[in-house]
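Residues -27 to -1, 1 to 171 (mature numbering (1 follows the signal peptide of the UniProt record, and there is no 0)) are what the sequence shown spells out, left to right. Glycine residues also receive a C-beta, built at the ideal position from the N, C-alpha and C atoms. None of these values were measured; they are calculated from a predicted model.
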Amino acid sequence: MKKFVSFKALSVLFILLSFTFSIISCRDDDDKPKTNPDALKIEDVNGDYTGKAVISKGTVNGETNVIFSAQKNIINFTEFPMKEIIASVISDPVKAGQALTAIGKVKYELNYTSALNKEKKEVELTFSPKELTLQVPIEGVSKKVVVTFVPTKKGVFTKGKTQNLNFELEATKITVEGTAVNPYDKIKYNFPMLKKLP
């Protein structure tokens, strides 16, 4: 009977010690700061995007499908929307269409820097656009066309049920062989884009 009592006492002691250690262990876990795997990071901007760009020239508005990727502080367009730019250089719609076909897909890289906003709920992008230079067939002659872009506001990346990147650019000036196109209506590009998830 004595052996049974001491075994019973030993078992109760073991259970009490186990319970005490588990409570202390849980309390230690509560004291550690928790990391949120869904917390917004600057790197979240990286990826492929798709959507419709809203393009305004004077009083005319239009939309076109756009795809681009963001990686290492560069937005890379494999096919930048050129219709309004070419129409600014070539007024005849038929000849402008022929020029668009002749130049094909125009690539454009848009540099940016990014930072989390104060609330850490958005990534803000500050753009440093380069000029877009291309050769355009105008009246049978290939001419150098240079487009100057200016950001109209900071870009914003948000992450929720969807991941979105919104930004705007304005083509403020176009030159042909060094001469500014005049008269010229500025072209405004609004990109409300949706990130494609893997």
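Starting from residue i and walking both ways along the alpha helix (DSSP H), at which residues does that stretch end?
i, result
"threonine 74", "66 to 76"
Just how far apart, CA to CA, sit residue i and residue j?
i, j, result
"asparagine 34", "glutamine 71", "22 Å"
"alanine 75", "lysine 30", "23 Å"
"glutamate 104", "lysine 93", "32 Å"
"lysine 116", "serine 87", "36 Å"
"alanine 43", "aspartate 21", "6 Å"
For residue i, which three-state DSSP category applies?
i, result
"phenylalanine 62", "Before going further, note that residue 62 is valine rather than phenylalanine in the sequence given. Here valine 62 sits in helix by DSSP."
"valine 149", "strand"
"aspartate 17", "helix"
"glutamate 141", "strand"
"lysine 169", "coil"
"lysine 132", "strand"
"glutamate 57", "helix"
"glutamate 82", "strand"
"tyrosine 157", "coil"
"lysine 116", "strand"
Would you give the residue range spanned by the beta strand (DSSP E) that residue i belongs to?
i, result
"glycine 35", "33 to 44"
"lysine 94", "No beta strand (DSSP E) holds lysine 94; DSSP gives it neither H nor E."
Apart from the five residues just before and just after residue i, which ones in its own chain have a Cβ nearer than 6 Å to its Cβ?
i, result
"valine 27", "Glu36, Asn163"
"glutamine 136", "Lys168"
"isoleucine 40", "Thr23"
**Request:** Take every Cβ of the segment 52 to 70, pair it with every Cβ of the segment 108 to 122, and state whether three or more of those distances are shorter than 8 Å.
**Result:** yes
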